[in-house]
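Chains as they are written, first to last, in our numbering: chain A, 6 to 444; chain B, 14 to 267.
One structure is given below, encoded as structure tokens.
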Amino acid sequence: MSKQIWETRPLEIWGKAKELRANFQKAINEAAASPNSLLAHGNTGGVDWSVGFDGLNVVEDNPIGAIMASRSDSFSREARLASEIRGWGRELCGYVNNCWGCQFLGYDSPDGAPFPYRQLSVPLPDPCDQHAKRGQQCMDLSPIPRFGADWPMYLGPIDPERESALVEHKVQCILHVINEIERIFGKKYDDEKLFNVLDIVPRVQVLVTKIAQLMANVPAPLGLKELYSFYTLSVLTKIDPQEMLDFWKAFVDEVQWRVDNKIAAVATERYRWMEAHPSPWHFLRYFRYMEQYGAVCIGSQYSHMLVEPFKLNDDGTIGREEQVKVPEGQKIRTREDALRSIFREARGERFKDDEYFRKHVITDFAKAFHVDGAIMPLWRAGVGCTLTRKEQGLRLSEMGVRVLHYEGAQPGDRTDLDEHDFLDRLDIWMESQGLEKLA
Amino acid sequence: MITAGVDAGLRNIKILILDGGKIAAKGIAPSGGAGRAKAIEKLWEETLSSSGLRKGDVSKVVATGEGKNDVLFADKLVTEPIADARAAKFLLPTAKSVVDAGAAKTRVVTIGKDSNIEEVVLNQKCMGGLGLLLEVIADRLGWDLDEMARAKAGETVVNDGCPVFAELDALEALNKGASREDVAGAVTEAVAVRLHSILYDKVGVSKDATVFIGGLAKNGAAVNALQKRIGANFTIPDDPEYGTALGAAVIAAD
């Protein structure tokens with residue numbers, strides 16, 4: 006085992022990241038209080054179109070639900086219970102139950118502001134969990150307009166004909182939603198703003214991918230906990246597109262500098278592990294716990310592939326797998342084409358590591374990032390549930406990567422994770438690989 | 014050289030003292046719940062006393078088990094699979110795997126050629142409490158735990174996916190008039206099914222070079238059902254509940 010001690014230091018870009026996140030929260034609070042702004046309930050992906058409406062702020066339950074789980078044990082348990090006693094299933098996505106419970110109880114949101122009630126809801130179904138149900142509670146409680154947007158999908162090999170037909174269906178759904186928002190709320194849609202975003206987003210995606218690529222270096226310049234702090238600024242938290250681009254440029258520069266100067270996330274790095282799906286958001290301290298063993302998490306398929314599927318090139322470099330896209334060089338001139346570029350695929354997959362379609366991804370990922378082990382939660386519900394996790398674990402074991410599984414309900418549900426057992430498992434896992442805590 | 018291993022488990026504390034590679038003394042006591050540290054200290058003194066040893070005679074103490082942090086006199090702490098693997102090699106030098114099934118948890122450890130640990134499989138939640146299940150059922154039947162050996166396979170079947178449901182099924186069967194032997198047979202079969210699943214969770218176990226330790230190994234009916242199910246012949250020490258403590262004592266002698 007390496008006894009190398011690397012230099013480590015805090016990221017300088019933390020300040021800017023916190024400022025962007027605070028501005029996002031401020032915009033939500035202002036929108037909730039202003040008669041001229043709209044607060045929409047939406048989904049993680051596919052809401053880029055919303056920038057065309059001035060004063061329309063989209064709030065996504067995932068990060069808010071996760072923050073609620075982190076806020077306090079009693080708060081989280083109360084919120085979930087409030088949801089459960091109204092009949093919502095215990096195994097419903099934890100993010101959703103947290104948010105709904107919070108609304109039922111009339112609690113303040115995690116930053117102390119009143120819970121941001123929405124003026125409209127545009128739930129987009131998603132193959133990963135119960136996104137389609139998300140708008141229902143918002144609508145029932147207020148009530149507010151709820152737009153149904155379909156998410157038709159299929160499984161199996163990519164079929165261009167089906168792709169085209171199903172993508173077109175999604176596009177027409179959103180065109181309808183845009184027209185209805187204009188009609189109901191008297192808002193004018195600005196196509197140029199949408200085109201501008203679609204020009205910027207791919208450039209941000211390149212930068213996000215670059216960060217992922219840099220994580221293959223030894224020592225790792227960041228840990229997964231840091232990555233999780235930033236990735237919401239590109240995907241889950243909608244901020245000014247140009248500001249987002251500037252932020253990611255600066256972030257890449259700093260991480261590249263860390264790589265060039267061997268600045269490590271964990272000074273004693275001697276063990277690298279990967280993950281595949283979201284961590285328990287209220288219990289991220291296990292990353293720090295693992296540092297006692299000189300272990301660093303170099304990322305997960307979840308953190309590295311939110312923008313595009315990961316691909317290990319023949320020459321060992323890390324790239325992005327090509328998907329069905331708007332043909333290269335085709336300039337977006339219409340709202341329809343813009344939406345087609347957002348909803349560019351209809352073939353269903355989960356987190357782009359589809360066990361049936363891209364079996365190689367999990368092992369390629371392990372190779373590319375030089376990992377010794379993998380921690381793979383078995384979530385019963387919601388984001389990244391257990392489906393195919395054991396198969397992936399076996400595949401990694403066969404290539405010599407030691408795998409640790411632990412169980413829980415859902416990353417945003419803190420009521421059913423045995424934290425002590427989890428830490429015990431980490432100790433057993435590390436000791437059985439010959440590693441002891443460093444003095 | 015005299016060394017000791019302490020296994021502070023969920024249900025019981027086990028202490029084993031080794032003297033020159035031979036077992037000099039051993040002791041077992043309830044875990045003591047919130048007063049575990051005191052219970053460990055008391056058992057430590059009793060075990061020493063039973064063998065005529067004094068604390069100063071013991072060169073090194075290694076502790077393991079869920080309550081290992083409560084072994085305040087330990088020189089070293091190790092996680093359970095480390096001790097399990099060492100115990101297996103001590104008991105059977107050709108051991109390739111070890112199964113440790115206790116009151117709360119079950120572990121399977123595969124051992125490499127150079128005695129390193131190749132893989133550890135830990136039970137998942139629904140696999141927990143198999144040892145406790147047997148205790149609870151024995152209590153329901155009005156038997157001592159040892160009497161569970163009277164189990165016979167019959168018509169009764171209980172849930173083999175969850176110990177809680179298994180207990181409910183067993184009670185229902187008793188209420189409908191099933192014999193105690195029949196119910197015990199159904200429960201031990203269910204335990205064997207669950208053990209089978211963890212044994213083959215990842216890499217499987219050796220059919221003829223596996224050591225079976227932990228309190229559950231004392232239940233001949235369950236072990237036989239498991240061996241029959243997978244066609245294996247386990248090596249089971251005389252007092253299997255001391256297995257992990259033995260491994261800790263061996264480590265202390267290193």
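Beta carbons are placed, not taken as given, at the ideal position from N, Cα and C, and that holds for glycine.
Going along chain B in order, which residues have a C-beta closer than 8 Å to the C-beta of residue i?
i: residue 432/A; result: 92
i: residue 412/A; result: 137, 138
Give the interface partners of residue i over in chain B, defined as CB-CB distance under 7 Å, in chain order.
i: residue 399/A; result: 215
Taking C-alpha atoms, which residue in the options lies nearest to residue i?
i: residue 178/B; options: 143/B, 80/B, 192/B; result: 143/B
i: residue 215/B; options: 436/A, 431/A, 149/A, 394/A; result: 394/A
i: residue 414/A; options: 287/A, 308/A, 349/A, 291/A; result: 287/A
i: residue 158/B; options: 258/B, 149/B, 166/B; result: 149/B
i: residue 148/A; options: 46/A, 306/A, 27/A, 212/A; result: 46/A
i: residue 151/B; options: 74/B, 234/B, 56/B; result: 234/B
i: residue 269/A; options: 227/A, 146/A, 71/A; result: 227/A
i: residue 435/A; options: 119/B, 132/B, 21/B, 102/B; result: 132/B
i: residue 235/A; options: 294/A, 304/A, 224/A; result: 304/A
i: residue 176/B; options: 165/B, 161/B, 208/B, 156/B; result: 208/B
i: residue 197/A; options: 408/A, 252/A, 338/A, 406/A; result: 338/A
i: residue 82/A; options: 437/A, 442/A, 421/A; result: 421/A
i: residue 372/A; options: 432/A, 222/A, 382/A; result: 222/A
i: residue 64/B; options: 206/B, 141/B, 38/B, 113/B; result: 38/B
i: residue 247/B; options: 154/B, 160/B, 108/B; result: 108/B
i: residue 255/B; options: 72/B, 76/B, 55/B, 62/B; result: 76/B
i: residue 173/A; options: 402/A, 382/A, 346/A; result: 346/A
i: residue 48/B; options: 190/B, 34/B, 83/B; result: 83/B
i: residue 161/A; options: 350/A, 406/A, 293/A; result: 350/A
i: residue 80/B; options: 125/B, 89/B, 71/B, 23/B; result: 23/B
i: residue 409/A; options: 278/A, 419/A, 342/A; result: 278/A
i: residue 103/A; options: 376/A, 418/A, 432/A, 439/A; result: 418/A
i: residue 404/A; options: 8/A, 319/A, 370/A, 411/A; result: 370/A
i: residue 76/A; options: 289/A, 271/A, 376/A; result: 289/A
i: residue 54/A; options: 352/A, 342/A, 323/A; result: 342/A
i: residue 170/B; options: 156/B, 185/B, 161/B; result: 185/B
i: residue 205/A; options: 167/A, 253/A, 191/A; result: 253/A
i: residue 187/A; options: 152/A, 213/A, 401/A; result: 152/A
Name, please, each residue of chain A whose Cβ falls closer than 8 Å to the Cβ of residue i.
i: residue 2/B; result: Given that chain B is displayed from residue 14 to residue 267, the structure contains no residue 2/B and the question cannot be resolved.
Beta carbon of residue i, beta carbon of residue j: below 8 Å?
i: residue 229/B; j: residue 115/B; result: yes
i: residue 280/A; j: residue 16/A; result: no
i: residue 344/A; j: residue 176/A; result: yes
i: residue 29/B; j: residue 199/B; result: no
i: residue 301/A; j: residue 379/A; result: no
i: residue 43/A; j: residue 57/A; result: no
i: residue 111/A; j: residue 88/A; result: no
i: residue 32/B; j: residue 53/B; result: no
i: residue 258/B; j: residue 19/B; result: yes
i: residue 119/B; j: residue 136/B; result: yes
i: residue 25/B; j: residue 50/B; result: no
i: residue 101/A; j: residue 70/A; result: yes
i: residue 97/B; j: residue 73/B; result: no
i: residue 64/A; j: residue 121/A; result: yes
i: residue 401/A; j: residue 367/A; result: yes
Just to check my reading of the structure: residue i and residue j have Cβ atoms closer than 8 Å, yes? What is that Cβ distance to the nearest angstrom?
i: residue 125/A; j: residue 150/A; result: 5 Å
i: residue 276/A; j: residue 298/A; result: 6 Å
i: residue 78/B; j: residue 21/B; result: 4 Å
i: residue 113/B; j: residue 40/B; result: Contact doesn't hold; Cβ gap of about 19 Å is too wide.
i: residue 282/A; j: residue 384/A; result: 7 Å
i: residue 163/B; j: residue 194/B; result: 5 Å
i: residue 211/B; j: residue 121/B; result: 6 Å
Determine the chain A residues that contact residue i at a beta-carbon separation under 9 Å, and present them in chain order.
i: residue 95/B; result: 433, 436, 437
Could you tell me which chain B residues have their CB closer than 9 Å to the CB of residue i, listed as they occur along the chain?
i: residue 402/A; result: 132, 215, 216
Counting only C-beta atoms, is residue i closer than 8 Å to chain C at any point?
i: residue 40/A; result: The chain inventory of the structure shown lacks chain C, comprising the protein chains A and B.
Which whole runs of the alpha helix (DSSP H) in the stretch 191-277 of chain A are 4 residues long or more, in chain order?
-> If we require 4 residues or more, the alpha helix (DSSP H) runs fully inside the stretch 191-277 of chain A come out as 196-219, 229-236, 246-265.
Ranges of the beta strand (DSSP E) found wholly within the stretch 52-93 of chain B, counting only runs of at least 3 | If we require 3 residues or more, the beta strand (DSSP E) runs fully inside the stretch 52-93 of chain B come out as 73-77.
Complete beta strand (DSSP E) runs within the stretch 97-183 of chain B (minimum length 3 residues, chain order) | Fully enclosed beta strand (DSSP E) runs of 3 or longer: 110-114, 119-124, 130-135.
Scan the stretch 193-239 of chain B and note each continuous alpha helix (DSSP H) run of 4 residues or more that stays entirely inside, going in chain order.
-> Entirely contained in the stretch 193-239 of chain B, the alpha helix (DSSP H) runs reaching 4 residues are, in chain order, 193-212.
Whole beta strand (DSSP E) elements within the stretch 286-316 of chain A, 3-residue minimum | Scanning the stretch 286-316 of chain A from its first residue to its last, the whole beta strand (DSSP E) runs of 3-plus residues come out as 300-305.
Which parts of the stretch 47-87 of chain A are runs of the beta strand (DSSP E), unbroken and 3 residues or longer, counting only runs that do not cross its ends?
-> Those beta strand (DSSP E) runs which fall completely within the stretch 47-87 of chain A and span 3+ residues are 61-65.
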